[in-house]
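Peer 1: Residue numbers (the working numbering), protein chains in the order written: chain C, 1 to 274; chain P, 275 to 548; chain H, 549 to 795; chain B, 796 to 1042.
Don't be surprised by glycine CBs; every beta carbon is placed ideally from N, CA and C.
Quick one: structure below, then a few questions.
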């Protein structure tokens, strides 16, 4: 067990980092803040498949606003019901960040192919969209069993790092993720897997058949930080402190406001806690 | 909720039927016996990926011995530690049953492609084996992102029927399968999903986050029979009455012995129970 | 009976379009489509499955995010809703941005699952509340997902209708064109014409979008409102007001 | 110290071959390979992961049967064991049958995961107790999995050794040939020659397979035997006898 700061130090500049979609309390907000504090640069974010919930979108947006990000591969970034992600939209329209637009099932398929170490996945759909026209890592091929039947081959994705927040770790370092199996797909595909956890229990999940079904085994996990509240402003019951996200959204509407917010909520908050 | 007999009536002659590997108590033995009693013919069995545990192997073997099977696609059929599957081996060497030899990850990949409704899956390995040479539903293609890099394309598998035994159903017809996720892959790929269950509970699995992680949702399941002991001679704690399997293996060494066994253990046993 | 609200008319139109479906999925933050889908479910006597994405309690997935797409690919999702920052007369939708991609002048959040679900879900309902020449354009700036496909492209799904705050269009897949089906109460054909930048077909007479009958209203304001309130409490209080107990 | 059993010699040889591995998988019904792997784990101070397939309690998979293969494909499984009804001098294995496929005169159970794991697991140990001209053949009748591959075929794994009741062979991938590495105590080079139908390389002098040292024996008969007994009770009682409490 370690701290978010130590996890952040394990993510080099330029790394590709896959992030969960944040429908449940899996967005690693505290770790993102530690990355900002350590001054990470040129990250290539991959959202699995989108960060378009208020908290996951805010996490991506603050990383972009802090200048940590060179590229985002995504099916969608927004603050969900609270509207657009201000720094993301600014950075994309200015060209400061390159966006590689995807569609959800293509990201899932490419990450699942990565987890299987197959060179590519195939997918129906997509053909005739501008998404397909813009990418050279998606190509249309023939179904070898039915010539003339077109299918899209998607190059596999193997991120350098998967990072997320999980509800529990046990004494052996297994993570309980429940129905949140996107975390498992991200972990299977990634070279390094870093997790913050809400709780650490002194048992072994495999001793309980019900818990065992929702486990990501320890041998996939590179390092764990026990960091309660690391997905805030999303709470562990999946409710969100929307006022905190609204405060971020308001501040982030201007570049100056965003920098103030980072100084206050990321840099000063940490100093105060120390 | 219905009975194994009713489930067996839902499986037409000639159907392709996918079976679980039986490492846990998931082999639908009672349903296989009901199929034998209804005189099923020309079934195309697909093992996911093998039936090579004592009970799952015995189940496949008795279906073959009873003349229900035309074809078996498999990575392995045996009685596990109790040795070869007698009727399977006889039927294959005589040509009475056609065997389509596979390898475990290829069956998984093809069934997972079926569950995703993609036309084919790709897999490394296999190239240069006689398995690959013997099959026209596996073809070697080029990785479109690296010409000269060969990969095997495997035609997707969508069985007509998935059948298995599960520990529990809830009042909404959701099945709890725990870590037995092969059942989920089989169900996702199949047109009809038939399950016997050990227990029926009057709750909803989704009300408990731990249980929810191990559920196959009701909307994949066509029909359920409440049939305690339907995976015997494997018990729900995954122990096996090996004497029962040994008795089968001994009888099945000869065609006559096998027919006696079927008369006694499949046909008469049912009449006695009625 | 109190005055019938626009939302109730639209939910009824949506439910009509979903009649007979087995499984409907509704995207995140789509309270009005969800209301329509839950009304259709109520009418089915609960037989219809409605999966609200992004809400663990209102969905039954146990195989992660891919499961929706896998099931849809197999024909297991009968209905879905899509929207667009721009929608054009050929049914193409744009969820990415305005201007020259990738450096759009206006950027939206992204294409989400549209480039797949539009191909494989038989009844996709396009839902765009704001009916204007800015949203209903002649040709989208970026095709997140095309309305129709060339022969040889696997396509078992696509748009069946477009619902706005003014009217309901039906989509003709063979001709890749919208046809005005009805205008909502309180609005006119001229309004629709003035605010639509694409060309569309017209019936000889343009009917009004039907009002929900008494039974439908009872369902909407009763069990449907109650269910909607557990998922979209703010929306529910806005639309159904005092009928909904505070959370 | 009591007499050293053949199984203990072989388990030690196996553990030596697995030294430094992170994750070993052992197939179903393989008690002796499992003993060797668990000895290697004991020597690693528990750092090595050993997954016994077909035994839910001795494995940690949570993504079903594909997970082993997925992990192996990524280089995450360092060692595995394969056998064969026939094994030939080029390292090809046959798990399918004798004679003209598909109508074999003798049929075995099938190829299981061999046609994949042989390609991607760096240290595959071939284990075949019966050392005879029937099992170690010149050329297999059916290639379940080839010992080596042509250039252009993705191959990060393959055989490193073949262990029988008589001896230990090392496999030379570049030359696709076995080389005799040692003969087990109580057996001779002539015995090996007489019972092997394929040609193999010989060192100038053929050493005896080393006996386990005292520390290794203590590990085997202590914690390893205890763990083996929970998975293979019959085998454990046979080999370790009274040391193992009845289940």
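Indicate whether at least one CB of chain C lies closer than 7 Å to the CB of residue 504 of chain P.
Peer 2: For the purposes of this step, residue 504 of chain P is identified with residue 230 of the second chain, where counting begins at 1. Under the Cβ distance rule, residue 504 of chain P does not count among the residues neighbouring chain C, no pair being separated by less than 7 Å.
Peer 1: Helix, strand or coil for residue 689 of chain H? Go by DSSP, reduced to three states.
Peer 2: Walking along the third chain from the start, residue 689 of chain H turns up at place 141. Residue state for residue 689 of chain H is assigned as coil, using DSSP reduced to three classes.
Peer 1: Under a three-way DSSP split, which group does residue 1033 of chain B fall into?
Peer 2: As a position in the fourth chain, residue 1033 of chain B is number 238, starting the count at 1. Helix at residue 1033 of chain B.
Peer 1: Going along the chain, which residues of its own chain have a beta-carbon closer than 7 Å to the beta-carbon of residue 327 of chain P, five neighbours each way excluded?
Peer 2: Here residue 327 of chain P refers to the residue found at position 53 when the second chain is read from its first residue. Cβ within range, chain order: 295, 296, 297, 354.
Peer 1: I think residue 356 of chain P touches residue 519 of chain P, with their Cβ atoms under 8 Å apart; what is that distance to the nearest whole Å?
Peer 2: Your numbering for residue 356 of chain P matches position 82 in the second chain. Your numbering for residue 519 of chain P matches position 245 in the second chain. Indeed they touch by this definition, with Cβ atoms about 5 Å apart.
Peer 1: Below 8 Å on C-beta distance, what does residue 213 of chain C contact in chain B?
Peer 2: Translated into positions along the first chain, residue 213 of chain C becomes position 213. The contacting residues are 857.
Peer 1: Enumerate in chain order the residues of its own chain whose CB-to-CB distance from residue 206 of chain C is below 6 Å, with the five nearest sequence positions on each side excluded.
Peer 2: Along the first chain, one-based indexing puts residue 206 of chain C at 206. If we look at residue 206 of chain C and ignore the five residues flanking it on each side, its Cβ neighbours are 212.
Peer 1: Listed from N- to C-terminal order along the chain, which residues in the stretch 834-856 of chain B have their beta-carbon within a distance smaller than 7 Å of any beta-carbon of chain C?
Peer 2: Of all residues in the stretch 834-856 of chain B, 844, 855 have a Cβ within less than 7 Å of some Cβ in chain C.
Peer 1: Closest Cβ-Cβ distance between residue 651 of chain H and chain C: below 7 Å?
Peer 2: Taking the first residue of the third chain as position 1, residue 651 of chain H is located at position 103. So, interface residue.
Peer 1: When Cβ atoms are compared, which residues of the stretch 349-363 of chain P fall closer than 8 Å to chain B?
Peer 2: 349, 350, 351, 352, 354, 355, 358, 359, 362, 363
Peer 1: Short of 6 Å in beta carbon distance, which residues of its chain neighbour residue 536 of chain P, apart from the five on each side in sequence? Order them along the chain.
Peer 2: Indexing the second chain from 1 puts residue 536 of chain P at position 262. Only 340 meet the Cβ criterion.
Peer 1: May I ask you to list, following chain order, the residues of the stretch 676-702 of chain H that have a beta carbon less than 8 Å from some beta carbon of chain C?
Peer 2: Look at the stretch 676-702 of chain H: the residues with a C-beta under 8 Å from a C-beta of chain C are 690, 691, 692, 693, 694, 697, 698, 700, 701, 702.
Peer 1: Taking Cβ-Cβ distances shorter than 7 Å, what residues in chain H pair up with residue 99 of chain C?
Peer 2: The count along the first chain starts at 1 and reaches residue 99 of chain C at position 99. The answer, in chain order, is 650.
Peer 1: Compute the distance between the beta-carbons of residue 826 of chain B and residue 1030 of chain B, then report whether it is under 7 Å.
Peer 2: Position 31 of the fourth chain, counted from the start, is the residue given in the question as residue 826 of chain B. Position 235 of the fourth chain, counted from the start, is the residue given in the question as residue 1030 of chain B. A contact, by the Cβ cut-off of 7 Å.
Peer 1: In whole angstroms, what is the alpha-carbon distance linking residue 219 of chain C and residue 395 of chain P?
Peer 2: The count along the first chain starts at 1 and reaches residue 219 of chain C at position 219. The count along the second chain starts at 1 and reaches residue 395 of chain P at position 121. If I take the Cα positions, the gap works out to 27 Å.
Peer 1: Count the other CB atoms within 10 Å of the CB of residue 1020 of chain B; is the residue buried (16 or more) or exposed (fewer)?
Peer 2: Residue mapping note: residue 1020 of chain B aligns to position 225 of the fourth chain, counting from 1. Buried, because 16 or more other Cβ atoms sit within 10 Å of the Cβ of residue 1020 of chain B.
Peer 1: Which same chain residues, not among the five before or five after residue 624 of chain H, have their C-beta less than 7 Å away from its C-beta?
Peer 2: Against the third chain, residue 624 of chain H aligns to sequence position 76. Correct list, in chain order: 571.
Peer 1: Chain C partners of residue 969 of chain B, CB-CB under 8 Å?
Peer 2: Residue numbering aside, residue 969 of chain B sits at position 174 when the fourth chain is read from its first letter. In chain order: nothing, as chain C lies at least about 24 Å away.
Peer 1: Helix, strand or coil for residue 632 of chain H, going by three-state DSSP, please let me know.
Peer 2: Your numbering for residue 632 of chain H matches position 84 in the third chain. In this structure, residue 632 of chain H counts as coil in the three-state DSSP scheme.
Peer 1: To the nearest angstrom, how far is it from the Cα of residue 107 of chain C to the Cα of residue 577 of chain H?
Peer 2: For the purposes of this step, residue 107 of chain C is taken as the residue at position 107 of the first chain. For the purposes of this step, residue 577 of chain H is taken as the residue at position 29 of the third chain. Residue 107 of chain C and residue 577 of chain H: Cα-Cα distance of roughly 22 Å.
Peer 1: Can you list the residues of chain B that residue 392 of chain P reaches, using a CB-CB cut of under 8 Å?
Peer 2: What you label residue 392 of chain P is simply residue 118 of the second chain in a count that begins at 1. Under the 8 Å cutoff, chain B gives no residues; its nearest Cβ is about 15 Å from residue 392 of chain P.
Peer 1: Residues of chain H with CB under 8 Å from residue 129 of chain C, in chain order?
Peer 2: Mapped onto the first chain, residue 129 of chain C falls at position 129. Within 8 Å Cβ-Cβ: 659, 663, 691, 692, 693, 694.
Peer 1: Using a Cβ-Cβ distance cut-off of 7 Å, determine whether residue 144 of chain C contacts chain A.
Peer 2: Protein chains in the displayed structure are C, P, H and B, and chain A is not among them.
Peer 1: For residue 475 of chain P, does the count of other Cβ atoms within 10 angstroms reach 16, so buried, or fall short, so exposed?
Peer 2: Taking the first residue of the second chain as 1, we reach residue 475 of chain P at position 201. That one is exposed.
Peer 1: Under 7 Å between the Cβ atoms of residue 932 of chain B and residue 898 of chain B?
Peer 2: Numbered from 1 along the fourth chain, position 137 holds the residue referred to as residue 932 of chain B. Numbered from 1 along the fourth chain, position 103 holds the residue referred to as residue 898 of chain B. No Cβ-Cβ contact shorter than 7 Å links residue 932 of chain B with residue 898 of chain B.
Peer 1: My output table needs one value for residue 21 of chain C: the three-state DSSP class, helix, strand or coil.
Peer 2: In the first chain, residue 21 of chain C corresponds to position 21, counting from 1. In the three-state reduction of the DSSP assignment, residue 21 of chain C falls in the coil class.
Peer 1: What number of angstroms, rounded off, separates the C-alpha of residue 439 of chain P from the C-alpha of residue 490 of chain P?
Peer 2: Working through the second chain from its first residue, we reach residue 439 of chain P at position 165. Working through the second chain from its first residue, we reach residue 490 of chain P at position 216. In a straight line, the C-alpha of residue 439 of chain P is about 12 Å away from that of residue 490 of chain P.
Peer 1: Would residue 976 of chain B and residue 961 of chain B qualify as a contact pair, given that the criterion is a beta-carbon distance under 7 Å?
Peer 2: In the fourth chain, the residue the question calls residue 976 of chain B occupies position 181. In the fourth chain, the residue the question calls residue 961 of chain B occupies position 166. For residue 976 of chain B and residue 961 of chain B, no; Cβs fall outside 7 Å.
Peer 1: Report the rounded CA-to-CA distance for residue 794 of chain H versus residue 477 of chain P, giving the unit in angstroms.
Peer 2: As a position in the third chain, residue 794 of chain H is number 246, starting the count at 1. As a position in the second chain, residue 477 of chain P is number 203, starting the count at 1. Low local confidence applies: a pLDDT of 47 at residue 794 of chain H is under 50, so the model's placement there is unreliable, with the coordinate-based value given in what follows. Approximately 27 Å between the Cα atoms of the pair.
Peer 1: I think residue 697 of chain H touches residue 131 of chain C, with their Cβ atoms under 8 Å apart; what is that distance to the nearest whole Å?
Peer 2: For the purposes of this step, residue 697 of chain H is taken as the residue at position 149 of the third chain. For the purposes of this step, residue 131 of chain C is taken as the residue at position 131 of the first chain. About 14 Å; that fails the 8 Å criterion.
Peer 1: If distances are taken between C-alpha atoms only, which option among H/689, H/575, H/712, H/616 comes closest to residue 105 of chain C?
Peer 2: For the purposes of this step, residue 105 of chain C is taken as the residue at position 105 of the first chain. The candidate whose alpha carbon is nearest that of residue 105 of chain C is H/616.
Peer 1: Could you check what DSSP says for residue 56 of chain C in three-state terms: helix, strand or coil?
Peer 2: Position 56 of the first chain, counting from 1, holds the residue named residue 56 of chain C. Here residue 56 of chain C sits in helix by DSSP.
Peer 1: Determine, using beta carbons only, whether residue 902 of chain B comes closer than 7 Å to chain P.
Peer 2: On the fourth chain, residue 902 of chain B is found 107 positions in, with the first residue counted as 1. Judged by the 7 Å Cβ criterion, residue 902 of chain B is in contact with chain P.
Peer 1: Roughly how many angstroms lie between the CA atoms of residue 840 of chain B and residue 829 of chain B, to the nearest whole one?
Peer 2: As a working mapping, residue 840 of chain B is identified with position 45 in the fourth chain. As a working mapping, residue 829 of chain B is identified with position 34 in the fourth chain. Each residue's alpha carbon lies about 17 Å from the other.
Peer 1: Evaluate the contact criterion for the stretch 301-308 of chain P versus the stretch 358-373 of chain P: three or more CB pairs, one atom per stretch, below 8 Å.
Peer 2: Output reads no: the stretch 358-373 of chain P does not touch the stretch 301-308 of chain P.
Peer 1: Below 7 Å CB to CB, which residues in the same chain sit around residue 454 of chain P once its five sequence neighbours on both sides are set aside?
Peer 2: The residue given as residue 454 of chain P occupies position 180 in the second chain. Excluding residues within five positions, the ones whose Cβ falls inside 7 Å are 298, 300.
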